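Chains as they are written, first to last, in the numbering used here: chain L, 431 to 604; chain X, 64 to 490.
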């Protein structure tokens with residue numbers, strides 16, 4: 431049922447517009463481009479919020495503030511409102527979609543969603559969130575995008591542009 | 064996604080705007096999944112209630128329950144008049160027990176909304192099972208039946224234990240399925256996606272309900288949304304054991320399907336469950352893993368003074384009520400502690416008839432229906448520490464209500480209700 435992501439996770443090299451192709455090396459590129467499959471169309475940009483843990487919807491977020499509340503989650507206490515949420519996929523209750531649906535109506539939905547594992551929870555959740563969403567990337571977004579990077583998502587064309595935040599630089603204001 | 068003529072006609076508006084919106088959502092959802100087509104279903108479990116605060120306010124502002132259904136069950140940009148459900152449809156949990164509203168600190172205004180919702184579901188022809196465990200009160204799909212169910216603990220039960228076929232649907236897709244009798248043909252509807260991906264070999268005897276819950280919690284966290292095969296079960300499990308296993312595995316991970324060699328319908332042998340493939344991983348489960356699961360489930364438990372004992376997640380079966388009554392008979396719970404046990408309304412009717420409801424009340428507890436503490440956000444006022452016999456509830460309740468929760472056996476929980484203190488531990 432879920433698309434295997436091992437190949438994607440093993441891929442580290444990213445298509446870039448400068449000299450290096452290794453996103454994790456000391457001379458990491460300033461700009462990285464990923465390509466993926468459209469889940470929900472649209473164009474958006476924002477600061478990245480990245481987690482390597484799956485996200486629970488019902489019982490995992492407070493939709494009225496977009497905050498992660500799951501007890502042992504690394505992002506506990508942080509809000510994804512208007513951020514580009516980068517995560518492996520959805521887990522937990524089938525109330526996933528309705529919680530993200532409420533987050534949209536409360537003005538606290540993510541600006542865009544980038545994820546690896548396709549499930550009914552995430553597919554329906556992304557559809558009712560109405561935010562641009564992509565999956566099935568040529569390069570694992572969890573390998574190259576870090577919290578604080580600026581991310582431009584063009585879901586219609588299946589393109590994600592990542593502008594790396596420089597060390598010591600404050601996140602870009604919206 | 065391919066649509067047949069009938070589905071195309073629904074999308075074109077033949078059956079009115081609500082069905083058109085439903086089909087539009089199914090198409091967007093199916094395409095998001097990458098599904099090639101839809102499949103017919105005549106067994107849908109979902110929720111259309113509007114008792115939670117956000118939906119209550121939405122109903123008031125936007126013109127009632129058709130507006131709620133349009134937004135939250137169809138993702139429709141406009142309010143449509145909702146016709147009767149086309150598929151056989153059942154309602155899952157509600158947000159409160161109208162008979163115990165006062166004890167649940169629910170105002171009479173909200174009970175009125177509940178009653179309005181009850182009338183609305185009746186108008187739509189949706190069965191008011193009002194439970195997370197419809198399979199305990201007559202909705203028992205058979206092997207191979209295509210369903211569109213919400214509720215992670217029920218989804219995993221009917222896939223794993225009954226061999227029915229459903230993905231974990233959401234409120235919106237279940238709503239669309241009710242009106243169309245269709246759902247994307249994807250994931251667990253297809254044979255090739257139902258085989259085990261991970262093999263779990265038991266080094267210890269897993270026998271009690273508590274042990275099945277711990278096993279589920281451990282396995283769910285490891286396999287996430289893949290499909291585990293449990294191998295080496297020495298004693299036949301039962302409904303409550305598999306119910307707790309599944310509920311736990313669906314909470315710590317996102318498991319929607321599993322196999323138990325020799326006991327579940329698609330696992331006559333391990334090889335059959337694996338469908339000829341090699342498992343991605345083999346996991347051993349022994350005393351150390353059991354202890355780790357216990358510690359994880361009990362992450363939030365700190366203070367031993369227990370204010371609230373909550374049983375019935377997933378909703379208790381009549382067998383579990385009978386068991387709890389054997390532990391409660393002739394006892395009196397602590398003045399500092401409340402005991403609430405949750406069950407489907409239909410099961411409570413049996414409990415009333417059997418004298419169990421009165422026995423629980425005589426001991427100082429209450430048998431409640433329709434909801435649970437996590438779904439309805441209902442607890443005794445001032446609760447700081449709860450005790451539960453469900454790994455699922457121990458996982459969710461602290462996150463949702465900001466309290467501590469202890470997880471243990473049913474007997475430990477009832478002991479906590481009687482003494483007001485948690486004295487549970489892993490034997």
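Every residue gets a Cβ at the ideal spot worked out from N, C-alpha and C, and that includes glycine. None of the values given here were measured: they were computed from a predicted structure.
Against residue i, what residues of chain X qualify as contacts under a CB-to-CB distance less than 7 angstroms, listed in chain order?
| i | result |
| --- | --- |
| residue 526(L) | 233 |
| residue 499(L) | 462 |
| residue 470(L) | 95 |
So, residue i versus residue j, is the Cβ gap smaller than 8 angstroms?
| i | j | result |
| --- | --- | --- |
| residue 400(X) | residue 370(X) | yes |
| residue 260(X) | residue 89(X) | no |
| residue 334(X) | residue 321(X) | no |
| residue 247(X) | residue 221(X) | no |
| residue 113(X) | residue 101(X) | no |
| residue 250(X) | residue 577(L) | no |
| residue 375(X) | residue 406(X) | yes |
| residue 199(X) | residue 433(X) | no |
| residue 202(X) | residue 192(X) | yes |
| residue 195(X) | residue 377(X) | yes |
| residue 105(X) | residue 164(X) | no |
| residue 438(X) | residue 158(X) | yes |
Taking Cβ-Cβ distances shorter than 8 angstroms, what residues in chain X pair up with residue i?
| i | result |
| --- | --- |
| residue 556(L) | 95 |
| residue 539(L) | Near residue 539(L) there are no residues of chain X at all, since even the closest Cβ is about 13 angstroms away, more than 8 angstroms. |
| residue 553(L) | 92, 95 and 96 |
Here's the rule: buried if 16 or more other CB atoms are within 10 angstroms of the residue's CB, otherwise exposed. What is residue i?
| i | result |
| --- | --- |
| residue 455(L) | Model confidence at residue 455(L) stands at a pLDDT of 47, short of 50, so the residue's coordinates are unreliable; what they give is reported in the following sentence. Result: exposed. |
| residue 395(X) | exposed |
| residue 361(X) | buried |
| residue 478(X) | buried |
| residue 490(X) | exposed |
| residue 76(X) | exposed |
| residue 570(L) | buried |
| residue 475(X) | buried |
| residue 504(L) | exposed |
| residue 67(X) | exposed |
| residue 449(X) | buried |
Are the C-beta atoms of residue i and some chain X residue less than 8 angstroms apart?
| i | result |
| --- | --- |
| residue 495(L) | no |
| residue 514(L) | no |
| residue 582(L) | no |
| residue 589(L) | no |
| residue 594(L) | no |
| residue 473(L) | no |
| residue 550(L) | yes |
| residue 585(L) | no |
| residue 577(L) | no |
| residue 502(L) | yes |
Is there a Cβ of chain L sitting closer than 8 angstroms to that of residue i, yes or no?
| i | result |
| --- | --- |
| residue 243(X) | no |
| residue 363(X) | yes |
| residue 92(X) | yes |
| residue 189(X) | no |
| residue 230(X) | yes |
| residue 236(X) | yes |
| residue 453(X) | no |
| residue 151(X) | no |
| residue 250(X) | yes |
Taking Cβ-Cβ distances shorter than 7 angstroms, what residues in chain L pair up with residue i?
| i | result |
| --- | --- |
| residue 214(X) | 524 |
| residue 459(X) | 489 |
| residue 437(X) | 489 |
| residue 135(X) | 528 and 531 |
| residue 316(X) | 521 |
For the alpha helix (DSSP H) holding residue i, just list the boundary residues, first then last.
| i | result |
| --- | --- |
| residue 279(X) | 272 to 286 |
| residue 223(X) | 215 to 223 |
| residue 125(X) | 116 to 125 |
| residue 531(L) | 526 to 535 |
Grab the span of the beta strand (DSSP E) containing residue i for me, first residue to last.
| i | result |
| --- | --- |
| residue 563(L) | 563 to 565 |
| residue 164(X) | No beta strand (DSSP E) holds residue 164(X); DSSP gives it neither H nor E. |
| residue 109(X) | 107 to 109 |
| residue 482(L) | Run containing residue 482(L): none; DSSP gives neither H nor E here. |
| residue 261(X) | 261 to 265 |
| residue 145(X) | First-last for residue 145(X): undefined, no H or E at that position. |
At 9 angstroms on the CB atoms, spell out the chain L contacts of residue i, in chain order.
| i | result |
| --- | --- |
| residue 287(X) | 432, 484, 518, 519, 521 and 547 |
| residue 117(X) | 493, 494, 532, 535 and 536 |
Output, in chain order, the set of chain L residues within a Cβ distance shorter than 8 angstroms of residue i.
| i | result |
| --- | --- |
| residue 371(X) | None at all; the shortest Cβ gap to chain L is about 18 angstroms. |
| residue 218(X) | 524 |
| residue 138(X) | 531, 557 and 558 |
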